[in-house]
Amino acid sequence: MNATQPLVAVSTDVFECYDYQRHTAPQQYLEAAIGAAGVFPVLIPSFGDQLRLDQLFSAVDGVLITGSSSNVHPALYGGSASEVNGPYDTARDATTLPLIRMAIDQGVPLLAICRGLQEMNVALGGTLATEIQEQPGKRDHRAPQSDSSDERFAVRQTVVLNSGGCLFGMLGASKIDVNSLHRQAVERLASQLEVEAIADDGTVEAVSVRNSKCFAVGVQWHPEYWVKSDEPSARIFRAFGDAVRDHAARRTARRGVG
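In structure tokens:
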């Protein structure tokens with residue numbers, strides 16, 4: 209555990225439970241943020257433009273966008289909503305997309321996972337393909353039906369890393385095995401993004417921000433789940449944590465000069 213735990217903003221999902229609207233994040237992401245990245249996760253409620261994100265960025269040194277069982281609403285990228293493609297979480301969309309854009313614009317370290325990668329692409333002008341398991345030539349990237357989380361999140365798919373990308377340098381491998389499970393994926397890649405990894409069917413599995421000021425990576429798989437036992441997963445979170453601490457140190461130095 210690092211002695212310093214800079215604050216990291218974490219996205220939340222909105223759903224109804226026991227007659228309350230709740231804003232939540234899965235525990236695995238929070239545990240990985242604390243244990244592997246060495247940061248202090250702070251949950252950001254999904255209230256869209258009611259939030260002054262400029263005030264948030266005066267306090268946090270990183271942004272973590274979690275995965276979710278919901279999908280980005282197709283209206284945000286010119287698509288059509290359907291019952292099959294749901295559920296949707298428009299309150300989350302209204303919060304995460306500007307949060308992502310501001311993190312990139314301000315050079316704040318960003319790690320986006322699963323739905324988070326898709327939000328990154330949409331936030332920067334890209335589009336998504338829905339229900340990709342129904343498309344010719346595409347494999348079924350969905351989780352298997354099981355009551356066991358370990359079985360649903362099992363590492364079962366190989367991705368090829370871009371040899372010139374930041375993930376290749378971070379992980380020191382040309383291929384890694386991952387636990388990718390999703391129903392929608394990048395269709396048209398945002399012009400500001402670079403492909404970092406692809407699946408054997410051509411599906412984009414990781415991206416980074418071109419000419420980014422700092423760490424800005426999205427992965428379609430779930431490094432948070434096996435972060436304690438899978439080295440590539442741990443390296444991703446450690447690299448994110450290092451970037452967050454670097455950003456915090458630079459901010460402290462600027463305040464000292466001022």
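This note's numbering puts the first residue of the sequence shown at 209, with every later residue one more than the last. For every residue, glycine included, the Cβ atom is placed at its ideal position computed from N, Cα and C.
Is the beta carbon of residue 384 closer than 8 Å to that of residue 166? For the chain, the structure presents residues 209 to 466; residue 166 sits outside this window and is missing.
Thinking C-beta only, is residue 426 closer than 8 Å to residue 275? no
Secondary structure of residue 212, DSSP reduced to three states: coil
Alpha carbon to alpha carbon, how far is residue 270 from residue 317? Give it in angstroms, no decimals. Cα to Cα, residue 317 sits roughly 5 Å from residue 270.
Segment limits, beta strand (DSSP E) that includes residue 360: From DSSP, residue 360 is part of no beta strand (DSSP E) but of the alpha helix (DSSP H) over 357-360.
In the DSSP output, which residue or residues are listed as bridge partners for residue 402? 416
Candidates 221, 406, 333: closest to residue 181 by CA position: Since the displayed the chain opens at 209 and closes at 466, residue 181 lies outside it and no answer follows.
Test item: CB-CB of residue 445 and residue 244 under 8 Å: yes
Got a sec? Which residues, its chain only, sit under 8 Å from residue 350 by beta carbon, not counting five neighbours each side? 341, 389, 390, 391
For residue 301 and residue 282, what's the separation of their Cα atoms in angstroms? Rounded to whole angstroms, residue 301 to residue 282 spans 11 Å at the Cα level.
Secondary structure at residue 349, three-state DSSP: helix, strand or coil? The DSSP-derived three-state label of residue 349 is coil.
Contiguous beta strand (DSSP E) assignments of at least 3 residues, all confined to the stretch 300-327: For the stretch 300-327, whole beta strand (DSSP E) runs of length 3 or above, ordered along the chain, are 318-321.
Going by other Cβ atoms of all chains shown within 10 Å of its Cβ, with 16 needed for buried, is residue 219 buried or exposed? Within 10 angstroms of the beta-carbon of residue 219 lie 16 or more other beta-carbons, which makes it buried.
Where does residue 338 sit, in a helix, a strand or coil, going by DSSP? DSSP places residue 338 in coil when its eight states are reduced to three.
Taking DSSP as the reference, what is the three-state secondary structure of residue 237? Residue 237: helix per DSSP, three-state reduction.
Using a Cβ-Cβ cutoff of less than 8 Å, which residues in the same chain neighbour residue 416 once the five nearest sequence positions on both sides are dropped? 373, 374, 375, 401, 402, 404, 424, 425, 426
Measure from the alpha carbon of residue 248 to the alpha carbon of each residue in 353, 239, 261, then state which is nearest. 239
Check each candidate in 449, 264, 348 and name the one with the smallest Cα separation from residue 408. Here the closest residue by C-alpha is 348.
CB contact flag (residue 278, residue 297, <8 Å): yes
Are the CB atoms of residue 216 and residue 272 within a distance shorter than 8 Å? yes
Taking DSSP as the reference, what is the three-state secondary structure of residue 438? coil
Distance check for residue 224 and residue 232, CA to CA, integer angstroms please. 11 Å
Residue 330 and residue 280 look like a contact to me (Cβ under 8 Å); what is the Cβ gap, rounded to whole Å? 5 Å
Can you give me the C-alpha to C-alpha distance between residue 367 and residue 438, rounded to a whole angstrom? 15 Å
Under the rule that 16 or more other beta-carbon atoms within 10 Å means buried, what is residue 359, buried or exposed? exposed
How about residue 305 and residue 395: do their beta carbons lie closer than 8 Å? no
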